[in-house]
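**Student:**
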Amino acid sequence: MPDFCAAYGCSNERNAQTKSRGITFHRFPKDSTLRKQWELAVKRKDFVASGRSLLCSEHFRPHEFDSTGQTVRLRHGVKPSVFNFPSRSQKRAPPRATKASRKAEESLPAESPQPLHEDEPHSNADHNYALPASPTALKARLREALARVESLEREKRNSLLRERRAEKRVLALLQDLDTLQATL
Numbered sequence: 389m390p391d392f393c394a395a396y397g398c399s400n401e402r403n404a405q406t407k408s409r410g411i412t413f414h415r416f417p418k419d420s421t422l423r424k425q426w427e428l429a430v431k432r433k434d435f436v437a438s439g440r441s442l443l444c445s446e447h448f449r450p451h452e453f454d455s456t457g458q459t460v461r462l463r464h465g466v467k468p469s470v471f472n473f474p475s476r477s478q479k480r481a482p483p484r485a486t487k488a489s490r491k492a493e494e495s496l497p498a499e500s501p502q503p504l505h506e507d508e509p510h511s512n513a514d515h516n517y518a519l520p521a522s523p524t525a526l527k528a529r530l531r532e533a534l535a536r537v538e539s540l541e542r543e544k545r546n547s548l549l550r551e552r553r554a555e556k557r558v559l560a561l562l563q564d565l566d567t568l569q570a571t572l
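Following the numbering used here, the numbering of the sequence shown begins with 389 at its first residue and continues without gaps.
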């Protein structure tokens, strides 16, 4: 099962690439007070760390690591402090409606064709071979497919058993016929 950083907006995954970049992953502490501080520092709504929850080394300052041994460890009692949260001031102000902007809007054609971008991937979820956009939808499709495979395998096994029973019945009837013909 892949391990991902639990920090908001961080997409680091534990793999060979991140290892080669020197990124290490650290489990949430077992001490409940320090664990709670880590959970609050992550700033994810209703986030509760599980036993497998991790944070990558990008959320700690360099002096918070103990790299005297072979493995890189965090010093005792450190809290994650390096995050890339969006600032609250990034809300867009509504555009002002000036005379010039209203005139420009009126002069635009009613329907302007949207240019197609060649480099953007197009996905049509209408087809059964198209991948869903979200991993949860993909997992649901996988579960459905596995359930269907299991159902078909059960059906196949039952059909084979039915066929064997029918063959045995036919053989028994043929033997009865042979014995009847021999007695006549």
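The C-beta atom is built at its ideal place from N, Cα and C for all residues, glycine as well.
No experiment lies behind these values; they were computed from the predicted model shown.
1) Quick check: proline 468 and phenylalanine 448, are their CB atoms within less than 8 angstroms of each other?
2) Quick check on DSSP: helix, strand or coil for leucine 442?
3) To the nearest angstrom, how far is the alpha carbon of cysteine 398 from that of glutamine 405?
4) From what residue to what residue does the beta strand (DSSP E) around arginine 415 run?
5) Mind checking whether asparagine 400 and glutamate 446 have CB atoms under 8 angstroms apart?
6) Can you give me the Cβ contacts of valine 460 inside the same chain, cut-off strictly under 6 angstroms, excluding the 5 residues immediately before and after it?
7) Leaving out five residues before and five after leucine 442 in sequence, what residues of the same chain have Cβ atoms less than 8 angstroms from its Cβ?
8) Is arginine 536 helix, strand or coil when you go by DSSP?
9) Return helix, strand or coil for leucine 519, following the three-state DSSP convention.
10) With DSSP run on the structure shown, which of helix, strand or coil describes aspartate 566?
11) On the three-state DSSP scale, how would you describe leucine 572?
**Tutor:** In short:
1) Contact flag set, yes.
2) Secondary structure of leucine 442 (DSSP, three-state): strand.
3) Each residue's Cα considered, the two are about 15 angstroms apart.
4) For arginine 415, the enclosing beta strand (DSSP E) covers residues 413–415.
5) Closer than 8 angstroms, so yes.
6) Taken in chain order, the residues that qualify are Thr412, Phe453.
7) Counting only Cβ-Cβ distances below 8 angstroms, and skipping sequence neighbours, we find Asp391, Phe392, Cys393, Ala394, Arg402, Phe413, His414, Arg415, Phe416.
8) Of the three classes helix, strand and coil, the one that applies to arginine 536 here is helix, per DSSP.
9) Coil, per DSSP.
10) Helix at aspartate 566.
11) Three-state DSSP puts leucine 572 in coil, outside helix and strand.
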